[in-house]
Amino acid sequence: MNRDHLKHLQTLERLKMLEHLQVPGPTITALTQPFWRAVSEYELEIQQCQSCHKHIFYPRSQCPFCWGEDLQWQRVTGGGTLKSYSQVNKPGHPGWIDITPYYVGLIELDEGPTLLSHLFRTKKDMQIGDRFKFAPTNLGGRILPCFEQVN
């Protein structure tokens, strides 16, 4: 069995484990519902101010740059750069223990905003500045916005 095939099988096994996690889900509000709807459809959408044209995340009712109130949801590329990360060995919720260690990190989207997310490595080492792509993943029966390292 070659190394790539073994890595593929390990990834499939890990994804299967993620589907069965018993962890709390996100709190969805009227303001965040468009974001979670897009994620459930395997798309990434964030707000964009129609006055200053800046992309914004986390969802809000007013632009933090110009105070404009005309914010529209826009599909974004899902590409981004790793700003910071941490390996989690002792999770805060017992439902995550079966997949430790795992990684979480800050991804700066190509459009500007930064998201905190679960990270999937595809290379042995992960470094600040590495490229990642949006990888919606079934975690505990919900599709969540994860990011996967780009080779």
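With UniProt numbering applied, the sequence shown covers 1 to 151. Positions of the beta carbon are idealized from the N, C-alpha and C atoms, including for glycine.
With 16 or more other Cβ atoms inside 10 Å of its own Cβ, C63 counts as buried. For L119, the closest C-alpha among the options Y85, N151, L139 is that of Y85. With contacts defined as CB atoms closer than 8 Å, L44 and V76 qualify as a contacting pair. Across the set Q74, I56, I107, the C-alpha of I56 shows the shortest separation from the C-alpha of W67. Here I46 is near Q74, since their CB atoms are less than 8 Å apart. Counting other Cβ atoms within 10 Å of its Cβ, V150 stays below 16 and is therefore classed as exposed.
With contacts defined by Cβ atoms closer than 8 Å, P26 and H93 do not form a contacting pair. Listed as beta-bridge partners of C49 by DSSP are L71. Of the candidates F147, A38, D125, the residue whose Cα lies closest to the Cα of I107 is F147.
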